[in-house]
Amino acid sequence: MTDEATETGPAVAARDDDWWRTGVVYQIYPRSFADSTGDGYGDLAGIRAHLDHLGPAGLGVDAIWLSPIYPSPGRDLGYDVSDHGDIDPLFGSIADFDALVEAAHARGIRVVLDLVMNHTSDEHPWFMASRSEPDGPYGDWYLWRDPAGRDRRGRPRPPNNWLSWFGGSGWTWDPGRGQFYFHTFLAEQPDLNWRNPAVPAAQLSMIRGWLARGVDGFRLDVFNAFFKAAEMPPNPRAGLHRQAWFRQRHLHDQNQPELADFLASFRAELDAVPGRMTVGELFGGGAETAASFTTDRHLVFDFVLLEQPWSAAAFGAAIDRVELAFGPERWPTVVLSNHDRPRHASRLARSVGERHRDAVAKAAAVVLLTLRGTPFLYYGEEIGLGDIEVARADAIDPPARRASWSFPWWNRDGSRSPMPWTPGANGGFTAPGATPWLPLAPDFATRNVEVESKDPDSVLATYRRLLRLRRELPALQAGSMRRIPARHRDVLAWLRVEGEAVVLVVVNFAPLDVAALLGNLPPAQGWTVAGGTHREGHAELGRDASIRLRPLEAIVLVRRS
Ligand code: GLC
């Protein structure tokens, strides 16, 4: 443990067991974070070298979640795993992983892995054995089915109408076995048969291996797709839609009741040692579905907030929907960006104009860090990083390469560009002469960690201040949440309450000055601004509960009582 970590932040063992309820998680896309070898791909040693940016000396996040780092042919950039128990040489070795965990823990940062358990790579030994030996021990580990007869040309017909989210039928014919296998994603990502007890047993044993290495939690990729209906009936039709996926109701290929039992045994395994978090990535469905899978010990992402334009009406409705769905007894997550969606700095700036990008990024940071729930930050958002443009011909994201009118797909390369650390060559992401696997954002010379660290008004400086404020105000971490009226169409306000402590948050969504009038405020001698998007010059909250806000200003106030 370094001296700095002992002085400024307690180490992992000393903290509260349920850190994941009050803490903040930072998602790293390992290919894009920092390259220590000069091959143009980020790696584990690169992450280790930048932990001070994340630890108490920098942002002060509680955990990092690493998108998959296991050996993989890379068809879906690591979400096609060929060995769940090892590290892809692209990212380093198991020794590099152990060193990263140790260095993170020394700074009080937990390490959360991404578990891809719905499917494997078609190069996983389980699938290769399943494919070649139908009667062997792995024969029934995947979803193999006989064809539903032959078409007019004599070709085998898929067993039912189930689709791949990445386009086309979800069934691929395997001439060797003379059967189809099902895949929710690419044909190179066959889905496992979770109804075969050997499958969950193998997953739990793999999980125990990672826990023994000191891992603090897991994000479960598409967890609500693990179980499919046993008889595999066709999905019923839904309304008209350009994209085939949305022309059916996904009644039988996801959200099956058996999932709850697995989650319970999975959580029991984790709870053998206190302090381990789990979060499920919801595949399809809204806040209500997310809430239905949330338990006392298991978080679930919902992406309602992430789908909103930047307007008080849209955010207000989304916040209310999540609060209603989760109720006071379930703990939500708060997410504005991830590796599958456009970055919110770019996305939200579209609502108010690109010149307001930094201002929107700061106001959105106040929203992210003050709503009820565990916030998840996506690497780069703390500097206001935007999406990159990648020409269709250069797309790496596999579904983007097959996009068409009837299969619209946003190229996920856009939000996966290398992290700019310095204004120097390649933004300090990789060696000066190297070629990064994706281009850096065009503004990297001004939008990078080094430059923003020197500017007290940068997006980065604002994130650091807001994260500190969140650590100082327990009501922002664990408090209950209540929206209050602001009597202005561009303003939202809410309270976070924890015992006697009350925190008031007011956000101006408009790039204009506004005057709001807050209602239902709890009694107070007065309110003091504790932080927000701007460092100084905040207006006072009037005795009549009126407040003036500058364009895209958001403030956090505490009660003087
Ligand atoms: C999840 C991941 C996504 C991946 C897919 C298939 O949605 O977030 O990146 O492509 O699962 O594993």
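Heads up: take any position in the sequence shown, counting from 1, add 46, and you land on our numbering.
Glycine is no exception: its CB is placed at the ideal position from the N, C-alpha and C atoms.
State the start and end residues of the unbroken beta strand (DSSP E) segment that holds residue i.
i, result
"tryptophan 451", "Premise fails: tryptophan 451 is in no beta strand (DSSP E) and is neither H nor E."
"glycine 326", "323 to 326"
"phenylalanine 264", "263 to 266"
"tryptophan 172", "Tryptophan 172 -> not in any beta strand (DSSP E); alpha helix (DSSP H) instead, spanning 171 to 178."
"isoleucine 110", "109 to 112"
"isoleucine 593", "592 to 595"
"leucine 65", "A small fix is needed here, since residue 65 is tryptophan in this sequence, not leucine. Per DSSP, tryptophan 65 belongs to no beta strand (DSSP E); it is in the alpha helix (DSSP H), 65 to 68."
"arginine 156", "156 to 161"
"arginine 589", "It is not in any beta strand (DSSP E) - arginine 589 carries neither H nor E in the DSSP assignment."
"isoleucine 74", "71 to 74"
"valine 543", "537 to 544"
Over the uninterrupted alpha helix (DSSP H) stretch that includes residue i, give me the two end residues.
i, result
"valine 245", "244 to 258"
"proline 421", "First-last for proline 421: 420 to 424, but that is the beta strand (DSSP E), not the alpha helix (DSSP H)."
"phenylalanine 273", "Taken as a continuous stretch (DSSP letters only), phenylalanine 273 belongs to no alpha helix (DSSP H), as it is neither H nor E."
"glycine 572", "Unbroken run through glycine 572 is the beta strand (DSSP E), 572 to 578; no alpha helix (DSSP H)."
"glutamine 523", "520 to 524"
"threonine 481", "Looking at the DSSP string, threonine 481 is not in any alpha helix (DSSP H), and its letter there is neither H nor E."
"aspartate 404", "403 to 416"
"valine 398", "390 to 398"
"arginine 94", "90 to 95"
According to DSSP, simplified to helix, strand and coil, what is residue i?
i, result
"histidine 584", "coil"
"arginine 606", "strand"
"alanine 491", "coil"
"phenylalanine 361", "helix"
"glutamine 294", "strand"
"methionine 47", "Low confidence applies here, because methionine 47 scores a pLDDT of 34, under 50, leaving its location unreliable and the question unanswered by this model."
"isoleucine 140", "helix"
"glycine 104", "coil"
"glutamate 334", "helix"
"alanine 561", "strand"
"arginine 655", "Residue 655 is absent from the model: the chain starts at 47 and stops at 607."
"proline 56", "In this predicted model, proline 56 has a pLDDT of only 41, less than 50, meaning its place in the structure is not dependable; the value taken from the coordinates is given anyway. Three-state DSSP puts proline 56 in coil, outside helix and strand."
"valine 552", "strand"
"threonine 340", "coil"
"isoleucine 601", "strand"
"aspartate 501", "coil"
"serine 383", "coil"
"valine 319", "coil"
"valine 346", "strand"
"isoleucine 530", "strand"
"leucine 21", "Within the shown structure, residues of the chain are numbered from 47 to 607, placing residue 21 beyond reach of any answer."
"alanine 284", "coil"
"alanine 547", "strand"
"serine 210", "coil"
"serine 78", "helix"
"proline 205", "coil"
"serine 167", "coil"
"arginine 198", "coil"
"arginine 191", "strand"
"serine 215", "strand"
"serine 128", "coil"
"alanine 439", "helix"
"glycine 182", "coil"
"glycine 120", "coil"
Distance cutoff 8 Å, beta carbons only. Does residue i sit that close to anything in chain B?
i, result
"isoleucine 365", "Looking at the structure shown, chain B is missing, and only one protein chain is on hand."
Those residues, in chain order, that have a beta-carbon closer than 6 Å to some heavy atom of the ligand GLC
Asp122, Tyr125, Val162, Phe231, Asp267, Val268, Glu327, His385 and Asp386
Cβ contact (3+ pairs, closer than 8 Å) linking the region 429 to 446 and the region 402 to 420 | yes
Item to complete: Please determine if the region 339 to 346 and the region 360 to 378 are in contact, where contact requires at least 3 C-beta pairs separated by less than 8 Å.
Response: yes
Counting Cβ pairs, one atom from each stretch, are 3 or more of them under 8 Å apart for the region 104 to 123 and the region 513 to 522? yes
Taking one C-beta from the region 156 to 167 and one from the region 264 to 273 each time, how about it: are there three or more such pairs within less than 8 Å? A contact is defined here as three or more CB-CB pairs under 8 Å, and the region 156 to 167 meets this definition with respect to the region 264 to 273.
Exercise. Using 8 Å as the Cβ pair cut-off and three pairs as the minimum, do the region 452 to 469 and the region 76 to 83 touch?
Worked result: yes
- Task: Enumerate, from N- to C-terminal direction, the unbroken beta strand (DSSP E) stretches of 3 or more residues contained entirely within the region 217 to 243.
- Result: 217 to 220 and 225 to 228
Taking contact to mean 3 or more Cβ pairs, one atom from each stretch, closer than 8 Å, check whether the region 221 to 235 and the region 186 to 196 are in contact. yes
Original post:
Do the region 229 to 240 and the region 142 to 158 make contact, defined as three or more Cβ pairs closer than 8 Å?
Top reply: no
Taking 8 Å as the threshold, find out whether the region 270 to 281 comes into contact with the region 300 to 313 through three or more Cβ pairs. With contact defined as three or more Cβ pairs closer than 8 Å, the region 270 to 281 and the region 300 to 313 are in contact.
So does the region 237 to 249 actually touch the region 163 to 177, counting three or more Cβ pairs closer than 8 Å? yes
Three or more C-beta pairs closer than 8 Å, one from the region 580 to 588 and one from the region 533 to 541: is that the case here?
Counting Cβ pairs under 8 Å, fewer than three are found: no touch.
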